[in-house]
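Heads up, the sequence shown is in my numbering, so the first residue is 44 and it goes up one at a time. Notes to accompany the following structure.
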Amino acid sequence: MLSKRVYMSIIATTKQTLCVGTHPKGKPFIFGFLFLSALGYAFYTPVGCLFLVLSIFSLYFFRNPDRMVPQGDGFVVASGDGIVCDIVEQVMLPKELGMQDLGANYTRISIFLNVFNVHVNRVPVSGDILKKIYIPGKFLNAAEDKSSDENERSIVAVRTEHGDILSFVQIAGFVARRIVCELHDGQKITQGDRYGIIRFGSRCDIYVPSHYKVHVARDSVAVGGETIVAFNPQHYAPEQMSWIKN
44 MLSKRVYMSI IATTKQTLCV GTHPKGKPFI FGFLFLSALG YAFYTPVGCL FLVLSIFSLY
104 FFRNPDRMVP QGDGFVVASG DGIVCDIVEQ VMLPKELGMQ DLGANYTRIS IFLNVFNVHV
164 NRVPVSGDIL KKIYIPGKFL NAAEDKSSDE NERSIVAVRT EHGDILSFVQ IAGFVARRIV
224 CELHDGQKIT QGDRYGIIRF GSRCDIYVPS HYKVHVARDS VAVGGETIVA FNPQHYAPEQ
284 MSWIKN
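This is how it looks when you write it as structure tokens:
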């Protein structure tokens, strides 16, 4: 028999996982599966059970929790939850941005999101959006390195208040048109704010200037809006940081 403490722990974990609100893009899936579940129970119970399970999974997948977002200067936070699957130095910004004149003076930090991660994306750095581009593409496994150049993706370039140009990318996997990016050219964005979602398995790339220090290691866990993945040594002052719930 499980102890009362274990039961309470399970209940608390379930509440923290599911009772956190749902991203608006997930509601059609949740209510659609619930409707099909009701129809299924009316005609054939196993079908109703199947759609009920799918509705619960959708509720879990599209969860939209608040995060404790660090406040400060000169650092970049993860744009999504997952595992840091790759860190590549001396790369150029995505060619679609047309910024080849900046040269191979960037480091690309890639985060792979599996189906159990939160898929709501967060703005990695504050600044002004220079360009936002949507690229239809292939639907390779998002964990593969070539998905950065070949898969469906949404690319954003931003200039910080210190004049640094960074880029962050949403990359889809197997199914078409699953990227939601709510940003636009010329918009002023704030670090840690929600800006979109990628449905059912994906990857996030962040391009930081080469003079930034990478603050994560390959295979480490990243939390969107919370984990500091890189910082500019000229402006980073961790002793002056604070945190807000967002």
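Don't be surprised by glycine CBs; every beta carbon is placed ideally from N, CA and C. The model shown is predicted, which means the values in this text are computed figures rather than measured ones.
Local conformation of V96 per DSSP, three classes: Reading the sequence shown from its first residue, position 53 is the one you call residue 96. Per DSSP, reduced to three states, the secondary structure at V96 is helical.
Element boundaries [alpha helix (DSSP H), containing K174]: Along the sequence shown, read from residue 1 onward, the residue named residue 174 stands at position 131. Element bounds for K174: not the alpha helix (DSSP H) but the beta strand (DSSP E), 170-178.
Give the single residue among S101, H254, Q230 whose Cα lies nearest to the Cα of V158. Within the sequence shown, numbered from 1, the residue matching residue 158 stands at position 115. Selection S101, H254, Q230 evaluated against V158 yields S101 as nearest (Cα-Cα).
Where do the ends of the beta strand (DSSP E) carrying F159 lie? As a working mapping, residue 159 is identified with position 116 in the sequence shown. First-last for F159: undefined, no H or E at that position.
Ends of the beta strand (DSSP E) at L183? Your numbering for residue 183 matches position 140 in the sequence shown. Per DSSP, L183 belongs to no beta strand (DSSP E) and is neither H nor E.
Quick check on F88: does DSSP put it in helix, strand or coil? Looking up residue 88 in the sequence shown gives position 45. Position check: residue 88 holds Thr in this sequence, whereas Phe was assumed. In the three-state scheme derived from DSSP, where H, G and I count as helix and E and B as strand, T88 is classed as helix.
Residues near S285 by beta carbon distance below 6 Å, same chain, minus five either side: As a first step, residue 285 must be located in the sequence shown, where it is residue number 242. Correct list, in chain order: Q114.
State the CB to CB distance for the pair L136 and I172, rounded to an integer number of angstroms; the pair is presumed to be in contact (CB under 8 Å). Residue mapping note: residue 136 aligns to position 93 of the sequence shown, counting from 1. Residue mapping note: residue 172 aligns to position 129 of the sequence shown, counting from 1. Not a contact, Cβ separation roughly 14 Å.
Sequence-distant residues of its chain with Cβ nearer than 8 Å to T203 (five each side left out): Translated into positions along the sequence shown, residue 203 becomes position 160. These residues qualify, in order along the chain: V168, S169, G170, L209.
Please name the residue, chosen from H205, R242, A200, that lies closest to Q143 on a Cα-to-Cα basis. Taking the sequence shown and counting its residues from 1, the one referred to as residue 143 is at position 100. Ranking H205, R242, A200 by CA distance to the CA of Q143 puts A200 first.
Checking the sheet assignment: what are the DSSP bridge partners for P67? Reading the sequence shown from its first residue, position 24 is the one you call residue 67. Answer by DSSP bridge pairing: none, since P67 is not bridged.
In terms of residue numbering, what span does the beta strand (DSSP E) encompassing A200 cover? Position 157 of the sequence shown holds residue 200. Start and end: 196-202.
Thinking I154 and G123 are a contact (beta carbons under 8 Å), I'd like their distance in whole angstroms, please. Here residue 154 refers to the residue found at position 111 of the sequence shown. Here residue 123 refers to the residue found at position 80 of the sequence shown. Contact annotation, I154 with G123: C-beta distance approximately 5 Å; criterion of less than 8 Å satisfied.
Just verifying my parser: in three-state terms, what is the DSSP assignment at A219? Within the sequence shown, the letter at position 176 stands for residue 219. Because A219 carries a pLDDT of 46, less than 50, the predicted location of this residue cannot be relied on, and no value is offered for it.
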